[in-house]
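Undergrad: Residue numbers (this note's numbering): 1 to 303. Take a look at this one; I'll ask things after.
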Amino acid sequence: MPHDKVKKPRPAPAVSAPAVSALAAVLILLATFLSWTASTGGSEARAEAARAGPSAGVRTEPATRCSPPSPNRAFVEGEWFHFSIRYGAIRAGDALMQVESVDSVAGRRCFRLVSKAESNSFFSLFFKVRDRVDSFMDAEELVSRRFWKNTHEGKHRENYTIDFDYTTGKARYSNGAEFDFPACSQDILSAFYYVRTVDLEVGRSVEVPCHADKKNYPLEVKVHRRERVKTPAGEFDCLVVEPLLKSSGLFKQKGKLTIWLTDDEYRIPVLMKSKIVVGSVSAILTEMHVPNAGGKYARAQKS
1 MPHDKVKKPR PAPAVSAPAV SALAAVLILL ATFLSWTAST GGSEARAEAA
51 RAGPSAGVRT EPATRCSPPS PNRAFVEGEW FHFSIRYGAI RAGDALMQVE
101 SVDSVAGRRC FRLVSKAESN SFFSLFFKVR DRVDSFMDAE ELVSRRFWKN
151 THEGKHRENY TIDFDYTTGK ARYSNGAEFD FPACSQDILS AFYYVRTVDL
201 EVGRSVEVPC HADKKNYPLE VKVHRRERVK TPAGEFDCLV VEPLLKSSGL
251 FKQKGKLTIW LTDDEYRIPV LMKSKIVVGS VSAILTEMHV PNAGGKYARA
301 QKS
């Protein structure tokens, strides 16, 4: 299981923030495409999900060796992104996404992907958030091998690990539960990084099989248009994408998430916006370190 102590990236800035219950689901998942929709119903949804049968939503097939459609030119070890999180016009805090290290899981070389979010001092008075998600993504096959979630949202705490066994096609939870999962599956964080490696074209969609919270989710990512976006980290030509859950019932998508990715091989997330029941939440890129981009994004790198 990943260590409890948060290892800070170098030279990444310290993490210090996102927001309220609806925000909490969006925080890490403004940075991850999927979990925010599965968590929209809060504790009631989580309880119903726990009672639900295994692997609903997607027909599974035996997990096999996976070949990514495109080579990974998007990210390498040492990359990090720092975001300012806003609830409407109010500063709610910060979030950090990083490729922290390259580790070995079940004999496979894996990127350790990390997403962290914390509510700032003001929002913590009403709803304290201290969230961390770690995904171990196979560096060759670009699938999830292990997933760790440690969240503290208000009074709700959750800490568990999932190991994806591609020999048996079983997702094994740290409490002993096992569930079938589709071949070449992603978790809620690796799905985001996987989409960054894919060739994206305006007017077309990318489909990604995902497993989270004892369920399988078909995720469709639509590529809508091109736009130029300005943030504190710089001005960028972007592709505008929208992740959609192709599901119904409890996990039917209730909100809308829009993400602006740089229109180059790095697919850097520079802006993320989510409409929620009351208002909207935005994650705005403020700083980044992109080791494989040479000097292209040097102006946004903190020394």
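Built from N, CA and C at the ideal position, the CB exists for glycine as well.
1. Which class does F123 belong to by DSSP, given the choice of helix, strand or coil?
2. What is the residue span of the alpha helix (DSSP H) that Y193 lies within?
3. For the candidate residues R112, F111, C110, F127, whose alpha-carbon lies nearest to that of E118?
4. Any heavy atom of the ligand PLP closer than 7 angstroms to the Cβ of L189?
5. For R132, I'd like the list of residues in its chain whose CB is within less than 6 angstroms of its CB, leaving aside the five on either flank, ordered along the chain.
6. Between the alpha carbons of V281 and T231, how many angstroms are there, rounded?
7. Which parts of the stretch 205 to 262 are runs of the beta strand (DSSP E), unbroken and 3 residues or longer, counting only runs that do not cross its ends?
8. In the DSSP output, what is L113 paired with across the bridge?
9. Whose C-beta lies closer than 8 angstroms to the C-beta of V206 among residues of the same chain, with five residues either side of it excluded?
10. What residue range does the beta strand (DSSP E) around A171 cover?
11. Taking Cβ to Cβ, would you say C110 is nearer than 8 angstroms to F75?
12. Considering only the alpha carbon of each residue, which of L244, R145, S124, D94 lies closest to H152?
13. Spatial neighbours of K256 within its chain, please: C-beta separation below 8 angstroms, excluding the five flanking residues on both sides.
14. Please return the same chain residues whose Cβ sits closer than 6 angstroms to the Cβ of V229, not counting the five positions on each side in sequence.
15. Going by DSSP, what residue range makes up the beta strand (DSSP E) through R157?
16. Measuring CA to CA, which of A233, L244, N216, Y193 is closest to R267?
17. Could you tell me the distance, in whole angstroms, from the CA atom of S185 to the CA atom of R130?
18. If you count every other CB in all the chains shown that lies within 10 Å of the CB of S84, and 16 or more means buried, which is it?
19. Measure how close the beta-carbons of E100 and R108 come, nearest whole angstrom, since I'm counting them as under 8 angstroms.
20. Identify, in the order they occur along the chain, each residue of the same chain with its Cβ nearer than 8 angstroms to the Cβ of C210, setting aside the five sequence neighbours on each side.
21. Just curious, the beta strand (DSSP E) that D180 is in, first and last residue?
22. If the criterion is Cβ atoms closer than 8 angstroms, does the pair R145 and F122 meet it?
TA: Once the coordinates are examined:
1. helix
2. 190 to 197
3. F127
4. As presented, the structure is devoid of all ligands, the ligand PLP included, so that no description of it is given.
5. K116, N150
6. 15 angstroms
7. 205 to 212, 215 to 231, 234 to 245, 256 to 262
8. V99, S135
9. V195, V198, L200, E220, V221, V223
10. 170 to 173
11. no
12. S124
13. E242, S274, K275
14. Around V229: F236, C238, W260, V270, L271.
15. 156 to 165
16. Y193
17. 27 angstroms
18. buried
19. Contact flag wrong, Cβ pair sits at about 17 angstroms.
20. L34, S185, Q186, D187, I188, A191, N216, Y217, P218, L219
21. 178 to 180
22. no
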